[in-house]
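Per our numbering, numbering of the sequence shown is gapless, rising by one per residue and ending at 102. Below: the structure, in structure tokens.
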Amino acid sequence: MKTLEKNWKLFLLASLTLGLAPFNPPHIVGKIKWILGGNAFSGPDAMKAMDYFDVLLHGSPWVLLLLSLITLAINKSKRA
Numbered sequence: 023m024k025t026l027e028k029n030w031k032l033f034l035l036a037s038l039t040l041g042l043a044p045f046n047p048p049h050i051v052g053k054i055k056w057i058l059g060g061n062a063f064s065g066p067d068a069m070k071a072m073d074y075f076d077v078l079l080h081g082s083p084w085v086l087l088l089l090s091l092i093t094l095a096i097n098k099s100k101r102a
């Protein structure tokens with residue numbers, strides 16, 4: 023947990039670079055729309071292994087940043 027707290031700046035940098043690449047439009051936004059649209063799991067345009075890897079690659083910095091900020095906020099509230 024200490025690693026998550028200490029590295030929030032690294033996770034922010036990773037989210038803004040890797041998480042948003044290629045910047046116009048962000049790749050992760052298109053993948054999330056694809057998943058939420060319902061076409062990702064069935065039909066002729068279903069996601070392939072590479073698409074799942076893309077979601078993992080572009081989404082993991084955001085998940086780590088979110089977990090880091092939540093952990094930081096919880097621990098700060100415990101100290102106060």
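Every residue gets a Cβ at the ideal spot worked out from N, C-alpha and C, and that includes glycine.
(message) Helix, strand or coil for MET72? Go by DSSP, reduced to three states.
(response) helix
(message) When you compare the CB positions of LEU40 and HIS80, do they come within less than 8 Å of one another, or not?
(response) yes
(request) Hey, could you find the ends of the alpha helix (DSSP H) ALA36 is sitting in? (result) 30–39
(request) Mind checking which residues open and close the alpha helix (DSSP H) that includes LEU58? (result) 49–59
(request) Can you have a look at PRO83 and say buried or exposed, based on whether 16 or more other CB atoms are within 10 angstroms of its CB? (result) buried
(request) Measuring alpha carbon to alpha carbon, tell me which of THR93, ILE96 and LEU87 ends up nearest LEU38. (result) LEU87
(message) Here's a check: name, in chain order, each residue in its chain whose Cβ is nearer than 6 Å to the Cβ of SER90, leaving out the five neighbours to either side.
(response) LEU26, TRP30 and PHE33
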